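Protein chains in written order, with the numbering used here: chain A, 63 to 423; chain B, 63 to 423.
For each residue, glycine too, the CB sits at the ideal point set by N, CA and C.
What you are looking at is a predicted structure, and each value in this text was computed from that prediction instead of being measured.
Number of protein chains: 2
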Amino acid sequence: MTIGILGGGQLARMLGLAGLPLGLRFNVFDPAANVCGGAIGTHIRAGYDNSEALQAFANSVDIVTYEFENVAIHAVECVEESRVVHPNKKALFATQDRLREKELFQKLGIPTVDFVAVDSLEDVRAAGESLGYPLVLKSRSGGYDGKGQVIVRSADDVDAAWADTAGRHVIAEGFVAFDREVSMVAARRPSGETVYYDIAENAHSDGILRVSLNKPGDPAAEQARGHVQKLLEALDYYGVIALELFDVGGTLLANEYAPRVHNTGHWTIDGAVCSQFENHLRAILDWPLGDTSSKGHCAMINFIGDIPSAESCLAIPDAHYHAYDKAQRPGRKVGHITVCAPDAATLAERINRVEALLVSA
Amino acid sequence: MTIGILGGGQLARMLGLAGLPLGLRFNVFDPAANVCGGAIGTHIRAGYDNSEALQAFANSVDIVTYEFENVAIHAVECVEESRVVHPNKKALFATQDRLREKELFQKLGIPTVDFVAVDSLEDVRAAGESLGYPLVLKSRSGGYDGKGQVIVRSADDVDAAWADTAGRHVIAEGFVAFDREVSMVAARRPSGETVYYDIAENAHSDGILRVSLNKPGDPAAEQARGHVQKLLEALDYYGVIALELFDVGGTLLANEYAPRVHNTGHWTIDGAVCSQFENHLRAILDWPLGDTSSKGHCAMINFIGDIPSAESCLAIPDAHYHAYDKAQRPGRKVGHITVCAPDAATLAERINRVEALLVSA
């Protein structure tokens with residue numbers, strides 16, 4: 063059985079590492095040269111607008127998935143002519159526009175940060191009056207890792223902020239003083255079964271995820287699972303999904319979802335009985351889903367821009383090194399490490415050892 | 063960094079799956095077409111007697127290891143001209159001849175089954191008198207998975223048994239009524255550090271390993287570690303080693319060792335903090351070795367000849383499926399499954415579920 067993946071980055075690579083033992087083969091479709099996902103299968107190099115190449119790709123595989131949510135709907139439609147694509151187009155479509163996504167949350171009764179659509183300078187001013195300052199202007203499409211966001215601190219900033227958006231479609235979101243950012247990663251298969259991982263507590267820096275900690279027994283887990291369940295059902299969704307949420311005094315506000323395996327679920331490779339990558343494959347193939355239980359306390363720390371040596375990292379007990387074999391470049395995710403421990407205090411000590419390597423790197 | 067592997071079977075495949083996350087790349091050298099180890103790197107297809115191809119292979123990598131102990135010494139010497147090979151030639155040489163191997167055990171004070179070299183029909187008769195019947199004639203070289211063994215049940219069998227050996231060099235071994243077969247898998251790095259996994263208790267059928275169980279806290283572990291330590295030191299050995307032993311009333315008798323990752327260590331992928339495959343790579347690169355602790359009770363069950371579907375196996379909790387993507391053929395190892403459990407009773411129940419699938423497969 064051959065799985066087709068649209069996108070050949072590190073998520074495709076980790077899907078392949080999880081899937082080869084399952085007897086699966088992989089074809090990854092990506093316009094870039096030397097993609098790191100090519101290590102686990104055959105790299106088909108062509109543009110996402112190349113219908114002929116997409117159709118040939120579809121015909122070379124049994125089922126198709128994707129590793130990034132900005133994949134062109136056209137590309138998915140092209141593949142869908144001959145193969146099943148999971149997660150489906152509906153899930154992809156809803157998340158490609160931040161306004162559409164927020165309206166979906168609203169429709170499903172999933173609480174969100176206050177937001178309004180803005181299409182003009184006047185709309186931004188009106189948003190300032192209804193939401194208060196500071197507010198954030200966010201690109202409706204194409205943004206990731208904090209890119210495409212402009213903070214409007216006061217009414218005086220409105221003109222400059224609007225100019226900054228440079229004609230992109232944006233929405234205005236109220237500023238939320240959250241206690242923490244969390245995410246819920248889940249997997250659902252066509253037969254109906256859904257499994258949920260423990261909540262991950264996430265820390266970002268410059269809009270890029272730095273650290274995720276798993277939180278077995280977190281009091282917010284049930285709330286998060288409820289929100290994810292609504293989404294999965296509304297979207298007829300199969301595969302892994304990740305929902306990012308703000309925790310404000312114990313109430314979770316949905317921020318966005320990713321219709322794919324997710325950086326905040328990387329800890330599951332080493333810290334859960336069955337990883338998000340294996341469960342994504344099981345889910346899209348409608349195979350029994352794996353146990354999502356945490357095996358201990360885990361922290362996933364991203365390597366951004368550069369990567370300390372494996373040798374230095376592996377001196378830390380129960381540390382699991384994941385290099386993506388990508389060229390180092392500022393702001394680019396080039397690998398991650400997961401450290402596990404039997405208790406929170408030992409984990410904190412191991413995290414400190416990783417942080418020390420990052421400072422000296 | 064690129065690792066060269068002589069041999070492109072499932073062990074190369076699993077080394078690659080462990081090594082890609084470490085940022086390593088792999089070139090595998092194998093004369094066969096479509097080897098399953100090719101999925102994790104570049105397959106260099108040439109014969110082990112092709113010096114030019116071996117040299118080019120060596121020059122294409124940073125360090126070389128191998129996945130089977132029958133690799134020709136000539137091939138290793140060829141590669142050694144330009145690259146370090148671990149485990150070294152000494153370790154390979156000693157195990158390629160069953161007599162040499164047993165004499166090494168003897169020299170190191172590691173107990174073995176009684177044995178004598180036999181070069182003629184008369185030698186076999188003399189062996190029968192000194193060792194008693196039944197005895198086993200085993201090929202001195204090239205045997206694996208029980209191939210190349212002839213049982214001599216009584217003096218009446220001697221002529222037929224000798225004819226069966228067909229001129230191969232053999233040794234005679236006394237029959238030993240062992241209580242169980244066990245193995246000790248260990249890893250040693252050039253800086254000197256050695257780590258040992260829990261003992262594995264193994265069951266063979268028709269000379270082929272069927273099942274390995276990890277045995278945390280086994281009373282024979284210290285004895286086994288002592289024997290392995292002597293071997294590692296005598297051979298200046300770096301990498302993973304596996305020593306197979308017979309347990310006879312609490313005394314361990316060495317049977318043979320494998321200078322490589324080993325089938326009885328496959329449970330470590332899912333059942334130990336750091337797998338034998340990752341530790342082999344760490345060891346040959348002189349990186350810090352990983353924690354060998356067991357994470358629970360585990361059983362590794364080989365799929366021999368054919369393989370039940372992933373879908374059926376993955377319905378078993380905490381089951382980890384490993385397909386080698388090899389064509390099915392009687393007596394051929396085509397995959398394995400590891401089931402883990404928090405306690406022995408739950409493990410037994412999960413093993414039964416696997417066995418039921420094997421019967422119906």
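Three-state class that DSSP yields for residue i in the structure shown
{"i": "asparagine 325 of chain B", "result": "helix"}
{"i": "valine 147 of chain A", "result": "strand"}
{"i": "phenylalanine 237 of chain A", "result": "coil"}
{"i": "asparagine 89 of chain B", "result": "strand"}
{"i": "leucine 347 of chain B", "result": "coil"}
{"i": "threonine 354 of chain A", "result": "coil"}
{"i": "isoleucine 369 of chain A", "result": "coil"}
{"i": "isoleucine 106 of chain B", "result": "strand"}
{"i": "glycine 397 of chain A", "result": "strand"}
{"i": "alanine 12 of chain A", "result": "Residue 12 of chain A cannot be examined here, being either before or after the span of chain A that is shown, 63 to 423."}
{"i": "alanine 403 of chain B", "result": "strand"}
{"i": "isoleucine 413 of chain A", "result": "helix"}
{"i": "glycine 81 of chain A", "result": "helix"}
{"i": "glycine 448 of chain B", "result": "No statement about residue 448 of chain B is possible, as the shown extent of chain B runs from 63 to 423 and does not include it."}
{"i": "valine 220 of chain A", "result": "helix"}
{"i": "alanine 94 of chain A", "result": "coil"}
{"i": "alanine 228 of chain B", "result": "coil"}
Range of the contiguous beta strand (DSSP E) that encloses residue i
{"i": "serine 274 of chain B", "result": "270–277"}
{"i": "arginine 250 of chain B", "result": "242–250"}
{"i": "glutamine 211 of chain A", "result": "211–214"}
{"i": "glutamate 318 of chain A", "result": "313–320"}
{"i": "valine 257 of chain B", "result": "256–258"}
Partner residues on chain A for residue i, Cβ-Cβ distance less than 7 Å
{"i": "tyrosine 383 of chain B", "result": "Pro83, Leu84"}
Neighbour flag for residue i against chain B, beta carbons, 8 Å
{"i": "lysine 169 of chain A", "result": "no"}
{"i": "alanine 334 of chain A", "result": "no"}
{"i": "leucine 79 of chain A", "result": "yes"}
Range covered by the alpha helix (DSSP H) that runs through residue i
{"i": "arginine 202 of chain A", "result": "Element bounds for arginine 202 of chain A: n/a, residue is neither H nor E."}
{"i": "valine 126 of chain A", "result": "Careful: valine 126 of chain A lies outside any alpha helix (DSSP H), inside the beta strand (DSSP E) at 125–128."}
{"i": "valine 310 of chain B", "result": "First-last for valine 310 of chain B: 301–310, but that is the beta strand (DSSP E), not the alpha helix (DSSP H)."}
{"i": "histidine 136 of chain B", "result": "135–142"}
{"i": "glycine 288 of chain B", "result": "283–296"}
{"i": "valine 186 of chain B", "result": "183–193"}
{"i": "leucine 166 of chain A", "result": "160–169"}
{"i": "isoleucine 378 of chain A", "result": "Premise fails: isoleucine 378 of chain A is in no alpha helix (DSSP H) and is neither H nor E."}
{"i": "glutamine 117 of chain B", "result": "113–121"}
{"i": "glycine 71 of chain B", "result": "Counting along the chain, glycine 71 of chain B falls outside any alpha helix (DSSP H), and DSSP gives it neither H nor E."}
{"i": "aspartate 332 of chain B", "result": "330–333"}
Proximity test, Cβ basis, 8 Å: residue i and chain A
{"i": "lysine 357 of chain B", "result": "yes"}
{"i": "proline 379 of chain B", "result": "yes"}
{"i": "aspartate 159 of chain B", "result": "no"}
{"i": "alanine 101 of chain B", "result": "yes"}
Residues bridged to residue i [DSSP beta-bridge criterion]
{"i": "methionine 76 of chain A", "result": "Beta-bridge pairing links methionine 76 of chain A to no other residue."}
{"i": "histidine 266 of chain A", "result": "A:Leu271"}
{"i": "valine 175 of chain B", "result": "None, per the DSSP bridge assignment."}
{"i": "cysteine 360 of chain A", "result": "A:Cys402"}
{"i": "glycine 66 of chain A", "result": "A:Asn89, A:Val126"}
{"i": "alanine 418 of chain B", "result": "Per DSSP, none; premise fails for alanine 418 of chain B."}
Under 8 Å from the C-beta of residue i: neighbouring residues of chain B
{"i": "glycine 352 of chain A", "result": "Leu376"}
{"i": "alanine 372 of chain A", "result": "Leu84, Gly85, Trp349"}
Beta-carbon neighbours of residue i, restricted to chain C and to distances below 9 Å
{"i": "aspartate 387 of chain A", "result": "As a matter of chain content, chain C is missing from the structure shown, whose protein chains are A and B."}
Interface residues of chain B facing residue i [CB-CB closer than 7 Å]
{"i": "arginine 344 of chain A", "result": "Leu376"}
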